[in-house]
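Peer 1: Those protein sequences? They're chains A and B, same order as listed. The numbering of the first sequence is my numbering, which starts it at -2 and goes up by one. The numbering of the second sequence is my numbering, which starts it at 2 and goes up by one. All C-beta atoms, glycine included, are put in the ideal place defined by N, C-alpha and C.
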Amino acid sequence: MKHKVATTVNGRRHEHEVEPRLLLVHYLRDNLGLTGTHIGCDTSQCGACTILVDGQAVKSCTMFAVQAEGKSLTTIEGMAKDGELHPIQQAFWDEHGLQCGYCTPGFIMAASYLLSQNPNPTEDEIRKGLEGNLCRCTGYVNIIKAVQTAAKTMGGAEAKPSERAAARRS
Amino acid sequence: MAVTTMIGARIHRREDPKLVTGHGSYVDDLRQVGMLYMSVVRSAQAHARIKSIDITDAGKAPGVVAIYTARDFKTMISGGLPVTESLIADKKYVPNQFPIAETEVVYFGEPVAVVLASERYQAADAAEQVQVDYEPLPVVVDFEKAMQKGSDKAHSDGPDNIAWDVKFPGGDIEAAFKEADVVVKERILQQRVFPLSMEPRVVMANYVPFGNQLTLWTSTQVPHFVRIFLCFGLGIPESQIRVISPDVGGGFGSKLRPYPEEYLAAAASKLSGSPVKWVETRTENLQATTHGRGHIFDIEVAAKRDGTLLGLKVTNLSDNGAYVGVFGALQSALSLFLAPGCYKWKAFDGRTVGILSNKMSTDPYRGAGRPEAAHLVERAVDLVAHELKMDPADVRRKNFPTEKEFPFTNPLGMVYDSGNYAKTLDKAMQIVGYQELRRRQAELRKQGRYLGIGLSTYVEICGVGPSAATDHVSGSISLVESSIVRVHPTGSVTVAVGTHSHGQGHDTTFSQIVADTLGVPYESVQINHGDTSDTPFGYGTYGSRSLPVGGISIYKSCQKVVDKAKKIAAHMLEAAEADVVFDQGRFHVKGSPDRAKTMGEVAFRAHQTGLPDGMEEGLEAVTYFDPPNFTWPFGAHICVVEVDPETGAVDIQKYVAVDDCGNVINPMIVDGQIHGGVAQAIGQALFEEVVYAEDTGQLRTGTLLDYSIPGIGEIPDLELDRTITPSPTNDLGVKGVGEAGTIAASAAVINAVVDALSPLGIKHVDMPASPDRLWKMMQEARK
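(1) Let me confirm a value: Thr353/B is counted as buried when at least 16 other C-beta atoms fall within 10 Å, else exposed. Which label applies?
(2) By how many angstroms is the C-alpha of Ser483/B removed from the C-alpha of Ala267/B?
(3) Cα-Cα, which of Asp392/B, Lys428/B, Gly326/B and Tyr422/B is closest to Arg439/B?
(4) Flag this pair as touching only if the segment 327 to 336 of chain B and the segment 668 to 675 of chain B have three or more C-beta atom pairs under 8 Å; answer yes or no.
(5) Can you round the beta-carbon distance between Ala102/B and Gly136/A to whole angstroms, since I take them to be within the 8 Å contact cut?
(6) Leaving out the 5 sequence neighbours to the left and right, which residues in its chain are closer than 8 Å to Asp182/B when beta-carbon positions are compared?
(7) Just the Cα atoms here: how many angstroms apart are Thr533/B and Thr542/B?
(8) Pull up the DSSP beta-bridge partners for Leu190/B, would you.
(9) Can a CB atom of chain A be found closer than 8 Å to the CB of Pro668/B?
(10) Run the CB neighbour count on Glu145/B, radius 10 Å, all protein chains shown included, and call it buried at 16 or more, exposed below.
(11) With a CB to CB cut of under 6 Å and the five nearest residues on each side skipped, what residues in its chain are close to Gly110/B?
(12) I want to verify the contact list: residues of chain B whose CB lies under 7 Å from the CB of Ala77/A, in sequence order.
(13) Give me the residue from Gly703/B, Val131/B, Thr309/B and Ile666/B with the minimum Cα distance to His507/B.
(14) Using the rule of at least 16 other Cβ atoms within 10 Å of the residue's Cβ for burial, across every protein chain shown, is Ile725/B buried or exposed?
(15) By alpha-carbon positions, which one of Pro102/A, Pro84/A, Leu25/A and Pro17/A ends up nearest to Arg10/A?
(16) With distances taken Cα to Cα, identify the nearest neighbour of Tyr27/B among Pro634/B, Ile174/B, Ala59/B and Ser220/B.
(17) Assuming His553/B contacts Asp732/B under a Cβ cut-off of 8 Å, what Cβ separation, rounded to an integer in Å, is found between them?
(18) Where do the ends of the alpha helix (DSSP H) carrying His676/B lie?
(19) Within 8 Å (strictly less), CB to CB, does Tyr99/A reach chain B?
(20) What residues in the segment 682 to 715 of chain B bring their beta carbon closer than 7 Å to a beta carbon of chain A?
(21) Any idea if Arg783/B is buried or exposed, counting beta-carbon neighbours within 10 angstroms, 16 or more meaning buried?
(22) Output the distance between the C-alpha atoms of Glu74/A and Asn664/B, rounded to the nearest integer angstrom.
(23) Using a Cβ-Cβ cutoff of less than 6 Å, which residues in the same chain neighbour Lys150/B once the five nearest sequence positions on both sides are dropped?
(24) Would Ala168/A pass as an interface residue toward chain B - the criterion being a Cβ-Cβ separation below 8 Å?
(25) Counting only beta-carbon separations shorter than 8 Å, does Pro84/A have a partner in chain B?
(26) Just reading off the beta strand (DSSP E) that Trp218/B is part of, what are its end residues?
(27) Taking Cβ positions only, does Gly67/A come closer than 8 Å to chain B?
(28) Checking contacts by CB at 8 Å: is His11/A closer than that to chain B?
(29) Is the number of C-beta pairs between the segment 61 to 71 of chain A and the segment 126 to 146 of chain A that are closer than 8 Å three or more?
(30) When you compare the CB of Arg587/B with every CB in chain A, is at least one pair closer than 8 Å?
(31) Using the three-state DSSP reduction, which class does Arg283/B fall into: helix, strand or coil?
(32) Find the residues of chain B that neighbour Cys58/A, judging by a C-beta separation of less than 8 Å, and give them in chain order.
(33) Alpha carbons only, please: which of Pro84/A, Ala77/A, Gln42/A and Ala147/A is nearest the one belonging to Met199/B?
(34) To the nearest angstrom, how far is it from the Cα of Trp776/B to the Cα of Val750/B?
(35) Given Val4/B, which residues of its chain have a CB within under 6 Å of its CB, disregarding the five upstream and five downstream residues?
(36) Check whether the segment 271 to 279 of chain B and the segment 369 to 387 of chain B are in contact - that is, three or more C-beta pairs closer than 8 Å.
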């Protein structure tokens, strides 16, 4: 039996009838054609499929599509606006934070959540914040630099004032 | 017009904008109308006879279109997967591998049937309902035991488990050992590891029946190489097969061979009349994508009391798995050719034994034989230093060839093109603060703390490969690399190459070479790779060969273009060709820089009438480059660790890498390659190990829950520097850098761990140096 799922993805509304067991990541890739979200494992270790669900970083292989009912999702395709790269995307480019690019969308989405919660993370906080994502190419050195650079350019712009204050306190 | 010196510049990668915005196109991002999904039923046994395969229930499952077994595929596929047997001088037993098992399965995860269904989940569901009845056979897991006479056999119809047994002698080894004041022996393990590219393998095949045309999209490092073997296997002319390898999410050597699933998807498309896609799950990737390493090395080192190295004996036992990998013998041989490392030995003696077991094949993994070589020789030197109570840096320095001794010939006749080994070591020691670290180590030891400093001074072999050196081992194959450089009428440039980029940034590096050599704007250069329909034949990307072989091919094609353009420019300028100078994209008459034509103007004229007499229109050139020698990058890595005396946990406190890959085209990309390589070697040194159950041959490390690759918390900041010793073997003086980090780093880490634990009398530690292993060793040593 199929179930209706209505979501907003990157600002656009979608409605589909899907099998209840359909993983959100397959819904995004196969039903919506948003193939920037990747799959790198079967067990939720790699983080290549990370997206934002109502602003929170979620590995989209750990959710069923039907659980996204009524939610607002952001995938990597929704990050660049008006032909301009998002500062995190720009920073990954500038700092050579990617090689094969397969894990990159997941890292950018996880970094986006991290910076929304903690606009000026220390190196340790970046390492902790991104521990759910794996990369086999870069040795992470330039990924850390990219997140630091993004934090600088964004100047805390993504964080809500209350969260910024909370981050300063912590 | 932006004509500047691009070679050597830190240019941001042109590949990146599409990749950071989710617009890459990896094979699973593509689809065909009417496409079916293929799911592979894999053996749940490591060794068994197939009594029967019952597809009744699976055939009735929703969405199922077809189920095929070996019987169906035998009508479509002939022969087996390729193996480079030519290195196996004294060939023993190399079983033929058909892409799917018919009567006997020989490793856990071997394909036994495929299911085609309309949807992804339906194919997976139905595959679980295929019933295979197995009669278990004795399982061979321990490959050292498998060598012994009377051992159980990995293939029931094989004579034994010995794939090859070859000796590589180099000089009078007995004389060298007679001179020795000390002889040290050690067994050094190279555990199996997963290459584990983040993108698993994916194949999509579309066979068009009435034209006998096959298009195969596959996540591979070697599209042209795959096409050759599909041609042989499927009997379709090479010209009618198009292999496309679009964006590829990493390979690390695990995607440089034809795989069973490529044959099966292509044949399944032919059998079913529909396009077919197969997407490897990570679980399948760990079972059925080739593994790396998997060796035992027994070494004996002879040295004088003053630290002079004399002789090195190495016996390599290689765990091939059930089928000899396509390059399995090659990497074992490489591990011996490079085992002398960057030292002057009087003699060397090597032997490699290839052994079959009921496991997945081992094949190249980043470095392919050279990490094994560097690891064993760097351990050997440290063992000598320990025995003689000398500083390991002093033993190394004493035995390096000096700068003046290049080209330097190692005992197996390999000719190292250029090097300055002492310089990289000095630089690394200065950056890390070596003397101060030794003082601090002594202080901490008094407090019962274990600080260790590990050196690795490596040399490696890149630029595979010159026919002069590879001819006799490759069966007359010359591993050339190719390029077509075409200047369009309006002056922009398309370059088509036989190499393949899957993270290395070739689009950027190659464009830098072209922009400089032709004097055209960088932005006007387009690089095509990965599609056999619009690129010349090439062997693909591995062995750090793309720049020193493929890049030089591009440079030579550009030179040919400049030569022709010069003739046209002379004609346009009404000057003698000898009087025309080419400088930064402009052709001008000697002494009159204002009388000039740009490359763009010449290109336009090249497509018009009025060319010099007898000259054809067009401005393009083709080069198949066969290098005169390999290239020999080198470097010095130093790792500083502290081992927790209570838990055995290793904390990497500092990591310094000074590498020399000759001239550098893009320093940012070169640094990135070192970072990634070092991280993978740290993974092998501290965390990673493929484990098969000794009794059943089941894969115990079957998911990323059970197998740990380094995460962002486990790799320290890496301090990089370099020296530049140009290679004399090619026009650009480049050497290649893709594998250097992996080759150097495992020895640096393990030497540091051993150094840390040396107060306990520990002389050697095997990989992975996990807390569990170290804790046990410390407990034992303290007894």
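Peer 2: Result, derived from the coordinates:
(1) buried
(2) 27 Å
(3) Asp392/B
(4) no
(5) Contact doesn't hold; Cβ gap of about 38 Å is too wide.
(6) Ala304, Lys305 and Arg306
(7) 14 Å
(8) Ile297/B
(9) no
(10) exposed
(11) Arg43, Gln288 and Ala289
(12) Thr22
(13) Ile666/B
(14) exposed
(15) Leu25/A
(16) Ser220/B
(17) The question names His, but residue 553/B is Ile in the sequence shown. The Cβ separation is near 6 Å, so the contact holds.
(18) Pro668 to Ile683
(19) yes
(20) Thr704, Leu705, Leu706, Ile710, Gly712, Ile713 and Gly714
(21) exposed
(22) 38 Å
(23) none
(24) Nothing in the structure corresponds to residue 168/A, since chain A is present only between -2 and 167.
(25) no
(26) Gln214 to Thr219
(27) no
(28) no
(29) no
(30) no
(31) helix
(32) What Cys58/A touches in chain B: nothing, since even the nearest Cβ is about 11 Å away.
(33) Gln42/A
(34) 17 Å
(35) For Val4/B, the pLDDT reaches just 47, beneath the cut-off of 50, and the residue's location in the model is therefore unreliable, although a value from the coordinates is still provided. Same-chain partners within the cutoff: Gly520, Gln585 and Gly586.
(36) no
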